[in-house]
Amino acid sequence: ALSYLPVLLACAFVGLMAGIRHGGVMLVFIAPIFLLSMLVACFKAWKRPERRRPLAISAGLWMLTIALIVGLHWHYYTASRQAADAVVASVAQYMQTHGKPPTDAQTLGFTNGKNEWRIFYTLRADQIPSVIYFSTFMPFDTWEYEFDNKRWIYRSD
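Below you can see the structure in the form of structure tokens.
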């Protein structure tokens, strides 16, 4: 079990770095290294059959780590979208009731950026409402709702 300590520590480190919000981009850097190391491990296992079990366990630990990170980011994505959709619904409800969009986020009952998913509401100068929230996978990228077309637009930085 002690022989797997370096793999466990590496998995924990990668999990902590890539599992945080906006840390999914780390998977883009990790995936090529992971795939290359799996190819090397397969070659080693083919050349030395006694290494098959330890390499398979290490590969399994890495695959489990990556699967957990992907699952966590899927949760972030769906939860943030649900929260943003609730804000969009609040804006639509307010517009239907009052005939005009709300002037600020406080009117909707929240503070811009001070919520779990960093959702922002603004009323643009042309009186078109805007709901924006940050992507939970990539830092600096955002999702913005187009009220005219009733769809979310991904904006990468």
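To convert, note that position 82 of the sequence shown is 103 in our numbering; the numbers rise steadily by one, no gaps. Where is the CB? At the ideal position from N, CA and C, for every residue including glycine.
In the displayed model, P150 falls within a strand according to three-state DSSP. Here H119 is exposed: its Cβ has fewer than 16 other Cβ atoms, across all protein chains shown, within 10 Å. With a cutoff of 8 Å on beta-carbon distance, S79 and V28 are scored as near each other. In the structure shown, the three-state DSSP call for I174 is strand.
Of the candidates F55, C63, W138, R102, F55 places its Cα closest to the Cα of T86.
DSSP lists no bridge partner for T86. Inter-residue distance for G130 and R72 is about 59 Å (C-alpha atoms, whole angstroms).
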